[in-house]
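Numbering (full-length UniProt numbering), first residue to last: 1 to 249.
(1) Mind checking whether residue 132 and residue 154 have CB atoms under 9 Å apart?
(2) Can the beta-carbon of residue 231 be found closer than 9 Å to that of residue 14?
(3) Residue 57: buried (16+ other C-beta within 10 angstroms of its C-beta) or exposed?
(4) Measure the alpha-carbon distance for residue 128 versus residue 120 and round it to whole angstroms.
(5) Just to confirm the assignment, what range does the beta strand (DSSP E) spanning residue 33 have?
(6) Which residue from 63, 87, 116 and 72 puts its Cα closest to that of residue 108?
(7) Could you compute how far the alpha carbon of residue 86 sits from the alpha carbon of residue 175?
(8) How many angstroms separate the CA atom of residue 205 from the CA atom of residue 246?
(9) Over the uninterrupted beta strand (DSSP E) stretch that includes residue 152, give me the two end residues.
(10) Report all residues from its chain with a CB closer than 6 Å to the CB of residue 75; omit the five preceding and five following residues, and keep chain order.
(11) Excluding five sequence neighbours on each side, which residues of the same chain lie with their C-beta closer than 7 Å to the C-beta of residue 172?
(12) What does the alpha-carbon distance come out to for the pair residue 102 and residue 10?
(13) Entirely within the region 71-121 and at least 4 residues each: give me those alpha helix (DSSP H) ranges in chain order.
(14) Residue 183 bridges to which residues according to DSSP?
(15) Residue 166 by DSSP, collapsed to three states: which one?
(16) CA-CA distance, residue 115 and residue 50?
(17) Indicate, with yes or no, if the ligand HEM has a heavy atom lying under 8 Å from the CB of residue 87.
(18) State the DSSP-derived secondary structure class of residue 40, mapped to helix, strand or coil.
(19) Is the separation between the beta-carbon of residue 112 and that of residue 150 shorter than 9 Å?
(20) Let me make sure I understand the geometry here. Which of 27, 192 and 92 has the alpha-carbon closest to that of residue 118?
(21) Just mark residue 229 as buried or exposed, buried being the case when its beta carbon has 16 or more other beta carbons within 10 Å.
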């Protein structure tokens, strides 16, 4: 496995700490969420990157035709970041609204690095999200070269909403050969996203490890909370907990 550290592009105060963690091989890459209006100069460092496109909080929603121009602008800005930083992948949330429009929108983007991230069925604001099932993800990918970023916690939440076994549900996504993964903890009685610390929820990480190990890739980004915005100590602790649970050296 290769473990990713999640940063936002406004976390410039954490760059030196992040580089040190990668140099010491605690983490293997940075997954960088591009906040609109931020600058790339602090991150122009020769380390491995994955880019995350802004999501609906920043008005990027490919399921809403009224936001097409804005969404495409910010997506293209993120692609430019990926080009500059030589990022391996570019992750996109499909948002909410029209599945058909989202599919049409994606046909305008030709980049084999693009990964569609699966979503919970229900958003934090009660929205019906696009991409909560493997069938929807397969429809969005279509005949394009793009792939799937399997957010394991999102898949669990989708299963909770549907009232079905989450392990069987995750296996359906595994049939799409995910190119990378997101991981965090959560409970099995809440259908919306939680992003709990490792060990604070109810997820079976041994099962999740089996899924990751069976894939053709080993990229796994930690998406656990960071309360102290001036330190990466919580990220290190969560990775240590996960390694301990998985007995992964």
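C-beta atoms are modelled at their ideal positions from N, C-alpha and C, and glycine is treated no differently. Here the structure is a predicted model, which means the values were calculated and not measured.
Straight from the coordinates:
(1) Translated into positions along the chain shown, residue 132 becomes position 132. Translated into positions along the chain shown, residue 154 becomes position 154. Taking C-beta atoms as the reference points, residue 132 and residue 154 count as a pair closer than 9 Å.
(2) By one-based count along the chain shown, residue 231 stands at place 231. By one-based count along the chain shown, residue 14 stands at place 14. Yes, these two residues count as a Cβ contact at 9 Å.
(3) Here the question's residue 57 lines up with position 57 in the chain shown. With fewer than 16 Cβ atoms within 10 Å of its Cβ, residue 57 is classed as exposed.
(4) As a first step, residue 128 must be located in the chain shown, where it is residue number 128. As a first step, residue 120 must be located in the chain shown, where it is residue number 120. Each residue's Cα considered, the two are about 9 Å apart.
(5) Translated into the one-based positions of the chain shown, residue 33 becomes position 33. Taken as a continuous stretch (DSSP letters only), the beta strand (DSSP E) holding residue 33 covers 29-33.
(6) Position 108 of the chain shown, counted from the start, is the residue given in the question as residue 108. Minimum Cα distance to residue 108 is reached at 72.
(7) Within the chain shown, numbered from 1, the residue matching residue 86 stands at position 86. Within the chain shown, numbered from 1, the residue matching residue 175 stands at position 175. Between residue 86 and residue 175, the C-alpha separation is close to 28 Å.
(8) As a position in the chain shown, residue 205 is number 205, starting the count at 1. As a position in the chain shown, residue 246 is number 246, starting the count at 1. Approximately 7 Å between the Cα atoms of the pair.
(9) As a position in the chain shown, residue 152 is number 152, starting the count at 1. Element bounds for residue 152: not the beta strand (DSSP E) but the alpha helix (DSSP H), 152-162.
(10) Here the question's residue 75 lines up with position 75 in the chain shown. Excluding positions up to five away in sequence, the list reads 53.
(11) In the chain shown, residue 172 corresponds to position 172, counting from 1. Sequence-distant Cβ neighbours of residue 172 in its own chain, meaning closer than 7 Å and more than five residues away, are 134.
(12) Here residue 102 refers to the residue found at position 102 when the chain shown is read from its first residue. Here residue 10 refers to the residue found at position 10 when the chain shown is read from its first residue. Distance between the alpha carbons of residue 102 and residue 10: 28 Å.
(13) Segments of the alpha helix (DSSP H) lying fully in the region 71-121: 99-106.
(14) Here residue 183 is taken as the residue at index 183 of the chain shown, counted from 1. Answer is 222.
(15) In the chain shown, counting from the first residue as 1, residue 166 sits at position 166. Looking at residue 166 - three-state DSSP - the assignment turns out to be helix.
(16) Your numbering for residue 115 matches position 115 in the chain shown. Your numbering for residue 50 matches position 50 in the chain shown. So the two alpha carbons sit approximately 10 Å from each other.
(17) Judged by which ligands are present, the structure shown has none, so any question about the ligand HEM falls away.
(18) Counting from one through the chain shown, the residue named residue 40 turns up at place 40. Three-state DSSP puts residue 40 in coil, outside helix and strand.
(19) The residue labelled residue 112 in the question sits at position 112 within the chain shown. The residue labelled residue 150 in the question sits at position 150 within the chain shown. For the 9 Å CB-CB criterion, residue 112 and residue 150 do not form a contact.
(20) If you number the chain shown from 1, residue 118 lands on position 118. The shortest C-alpha separation from residue 118 is found at 92.
(21) Taking the first residue of the chain shown as position 1, residue 229 is located at position 229. Residue 229 is exposed by the Cβ-count criterion.
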